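Presented below is the structure to which this report refers.
Residue numbers (the numbering used here): 349 to 721.
Rendered as structure tokens:
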């Protein structure tokens, strides 16, 4: 594996320092996460509307989602009995605590949590283990994008729970889906254009990464533990991985590159949209809850704001969704794409999605990232 070392998170040891990023709705479920874990990385199942295929999803979305957490974990474990498998749970999710507790009971090795600061994550994880009378084994990792957000969560967990994160994930401005930056921040960093390869102020953001790594080390020293830091966003090649390691990261989180694998849970139409995409097709859009996000432009995105929208059904997905003002329902848009209606739905992606040329296996992706091919 050359210069790359295993990713160690407490007693969890991933042979390859690669975490597969969580992609909802229905893009990273048991098939992808299990394959990544079997390949020596860390497989992540997204809980975002994870139960959309359940027959009662429309009527009882919460119950359907919680049930699916358990079934998807069982299927992932069948693929990789000895692998490391976790969940990505958005803080912005309605009934966030219920999702966290269900993930713990399902046997999650790791919970990665962003889309807001996971203030109560340690409490919910501990409560789940205590209520079930089981030994707490689930590791917890906040997603941060700035030194400021890392400081807030580390200080709060330190003061309130007398603990530090087990892992910290830094998601940069080249990541896919919802981004932890304002539109102004993305503009300042040159990450909001169709040509981020030439406009992105990488060195400026890398100083932020170094600052987060220094901060996390301080809290690791305080608690006499090593807290690994993993970076995400715009990582596509072995050289990209090596660059992140040179910055001081212990590993990387990669999402878009895994979409065009045979094992990815997305339908072929979704994968083909990535393969067909050109660089200029990847744009920054505004989600219904006001957050900027990166996606592939299509007839659906072209029509947002131009075609009158009327909410026909609420799936109770996000806390800060104002049903009276949203330009579209994000659950419906993501489900449409996850069911293959990609011209009618939202296609979140990272900045490098256009580089996909064909379907490959998860094992091929992993070997490319770690430099084994």
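Where a beta carbon is used, it is the ideal one built from N, C-alpha and C, also for glycine. Values in this document were obtained by computation on a predicted structure and should not be read as measured data.
Tell me, which residues are paired with residue 436 by DSSP?
394, 460
Can you tell me which of the three DSSP states residue 586 falls into?
helix
On a CA-only basis, which of 452, 540, 387 is nearest residue 430? Give me that one, please.
387
Using a 10 Å radius around the Cβ and a threshold of 16 neighbouring Cβ atoms, would you call residue 350 buried or exposed?
Low local confidence applies: a pLDDT of 48 at residue 350 is under 50, so the model's placement there is unreliable, with the coordinate-based value given in what follows. Result: exposed.
Since residue 634 sits in a beta bridge, which residues does DSSP pair it with?
640
Excluding sequence positions up to five away, which residues of its chain have a Cβ less than 6 Å from the Cβ of residue 525?
If the five residues before and after residue 525 are omitted, its C-beta is found closer than 6 Å to the C-beta atoms of 641, 696, all from its own chain and listed in chain order.
According to DSSP, is residue 597 helix, strand or coil?
coil
Specify, as a first and last residue, the run of the alpha helix (DSSP H) that residue 620 falls within.
616-624
By the 10 Å Cβ neighbour count, where 16 or more other Cβ atoms means buried, how is residue 638 classified, buried or exposed?
Its Cβ having fewer than 16 others within 10 Å, residue 638 is exposed.
So what does DSSP say about residue 400, is it helix, strand or coil?
coil
Near residue 690, which residues of its chain fall below 7 Å by C-beta distance, leaving aside the five closest residues on each side in sequence?
617, 618, 621, 646
By the 10 Å Cβ neighbour count, where 16 or more other Cβ atoms means buried, how is residue 653 classified, buried or exposed?
exposed
Look up residue 382 in the DSSP assignment and say whether it is helix, strand or coil.
helix
How many angstroms separate the CA atom of residue 623 from the CA atom of residue 580?
21 Å
My output table needs one value for residue 513: the three-state DSSP class, helix, strand or coil.
coil
From the DSSP output, in three-state form, read off residue 696 for me.
Residue 696 falls in the strand class under three-state DSSP.
Sorted by chain position, which residues of the same chain lie with C-beta nearer than 7 Å to residue 554's C-beta, five sequence neighbours on each side aside?
Non-local C-beta neighbours of residue 554 in its own chain, meaning closer than 7 Å and more than five positions away in sequence, comprise 595, ordered along the chain.
I need the straight-line Cα distance from residue 439 to residue 608, nearest angstrom please.
27 Å
Under the three-state reduction of DSSP, which class applies to residue 450: helix, strand or coil?
helix
Determine the direct distance from the alpha carbon of residue 698 to that of residue 565, and round the result to whole angstroms.
28 Å
Nearest-angstrom Cα distance between residue 528 and residue 578?
16 Å
Tell me, please, whether the region 462-475 touches the region 534-545 by the rule of three or more beta-carbon pairs shorter than 8 Å.
no
So, at 6 Å on beta carbons, what are the nonlocal neighbours of residue 469 in its own chain, with the 5 sequence-adjacent residues on each side left out?
461, 488
Cutting at 8 Å between CB atoms, please list the residues of its own chain near residue 588, excluding the five before and the five after it.
582, 600
Buried or exposed: which applies to residue 395, given that a residue is buried once 16 or more other Cβ atoms fall within 10 Å of its Cβ?
buried
In whole angstroms, give me the CA-to-CA distance for residue 604 and residue 404.
30 Å
Residue 484: buried (16+ other C-beta within 10 angstroms of its C-beta) or exposed?
exposed
Using the three-state DSSP reduction, which class does residue 416 fall into: helix, strand or coil?
helix
How long is the line joining the alpha carbons of residue 418 and residue 522, rounded to whole angstroms?
32 Å
Consult DSSP for residue 547 and reduce its assignment to one of helix, strand or coil.
helix
If you measure between the beta carbons of residue 434 and residue 512, is that distance less than 8 Å?
no
Check each candidate in 481, 455, 443 and name the one with the smallest Cα separation from residue 466.
443
Buried or exposed: where does residue 709 fall if 16 or more other Cβ atoms within 10 Å of its Cβ makes it buried?
Exposed, by the Cβ-count rule.
For residue 679, I'd like the list of residues in its chain whose CB is within less than 6 Å of its CB, leaving aside the five on either flank, ordered along the chain.
Excluding residues within five positions, the ones whose Cβ falls inside 6 Å are 397, 663, 665.
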